[in-house]
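Counting in numbering that gives the first Met the number 0, the sequence shown runs from 0 upward without gaps.
Cβ coordinates follow ideal geometry from the N, Cα and C atoms, glycine included.
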Amino acid sequence: MCQSVVISGNDIIVRSYGLHITLKSYFITGTDTGIGKTYLTAGLALAMKNSGIDVGVMKPFATGTPQKTGYKSEDVKILVEASGTKDDENLINPYFFPIPASPYMAANKLKSLIDVSLVLERFEKLQSLHDAVLVEGIGGIMTPILKDYCIADLIKDMNLEALVVAGSRIGTINHTLLTCYACRKYGIKTKGIIINNFDTTGYAVDDLKTDLTNLSGLVVLCSIPHLDECNANKISKILMENDVLSVL
């Protein structure tokens, strides 16, 4: 691919076959847990890497059953493999709790303390190491981290724009609009919505795109079709086919 990379302030500009693509760091949030944030983030990281971008990844909080070898979090493993980063695990994933719960609940149960300033410091370090950083959230936009601090607060403190991953199952319009409302309430700019059509019994995707655009006022950047086997390579290809990088 014929391309060049130019750094301009906090933006990364990629010129490829005459296209002028400006990329920023983003926070990938979603309407719920298990909605596809990890593979979407991994696919986006791979697309950026293949476009000549030095991309970093971050999963500030991860919970669940620890892996027996390698990275404690399977999500972190997926992100690292897609991005090709060599960053230290503690930089990418400052907090891992070995129980499936929100960071707030997990920390309380394990009698651990969460220091948000540590997360922000490590994010700033990643920003200094890479052209752009993709940060994947945990759960939804209002998932609690501390008693009075949630994912929306973290996005705000990182000063990032959000990408919202939404499903296609019945009820997704309510969940997506609530997520977008929370972003506006917290003063978070939202770049757009990506639909993960893993539930083929839900909304017809074309109808869902139209309704979400009309009701949220946001752009639906693309939809990921149902995949029998989901991986970063497939997601990356879909994102590139839909020219998602050109609008970020």
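Exposed unless 16 or more other CB atoms sit within 10 angstroms - verdict on residue i
i, result
"residue 117", "exposed"
"residue 106", "buried"
"residue 102", "buried"
"residue 163", "buried"
"residue 24", "buried"
"residue 64", "exposed"
"residue 142", "buried"
"residue 223", "buried"
"residue 109", "exposed"
"residue 92", "buried"
"residue 191", "buried"
"residue 54", "buried"
"residue 130", "buried"
Residues that DSSP places opposite residue i in a beta bridge
i, result
"residue 197", "Residue 197 is not bridged to any residue."
"residue 57", "134"
"residue 221", "193"
"residue 162", "27 and 191"
"residue 96", "62"
"residue 145", "148"
Nearest-angstrom Cβ-Cβ length linking residue i and residue j, presumed shorter than 8 Å
i, j, result
"residue 38", "residue 234", "5 Å"
"residue 132", "residue 59", "At roughly 11 Å, the Cβ-Cβ gap does not stay under 8 Å, so residue 132 and residue 59 are not in contact."
"residue 174", "residue 74", "Their Cβ separation, rounded to whole angstroms, is 21 Å, which puts residue 174 and residue 74 out of contact at 8 Å."
Sequence-distant residues of its chain with Cβ nearer than 8 Å to residue i (five each side left out)
i, result
"residue 238", "42, 43, 46, 221 and 244"
"residue 76", "66, 69 and 70"
Residues near residue i in its chain [Cβ-Cβ closer than 6 Å; skip 5 each side]
i, result
"residue 81", "41, 44, 45 and 231"
Contacts around residue i, its chain only, beta-carbon distance under 7 Å, and the 5 residues preceding and following it disregarded
i, result
"residue 140", "28, 150, 151, 178, 181 and 182"
"residue 236", "none"
"residue 176", "214 and 215"
"residue 226", "233"
"residue 240", "none"
"residue 48", "54, 82 and 83"
### Task
Could you say if the region 168-176 and the region 194-201 meet the contact criterion of at least three C-beta pairs nearer than 8 Å?
In short, these stretches touch, since the Cβ pair count reaches three.
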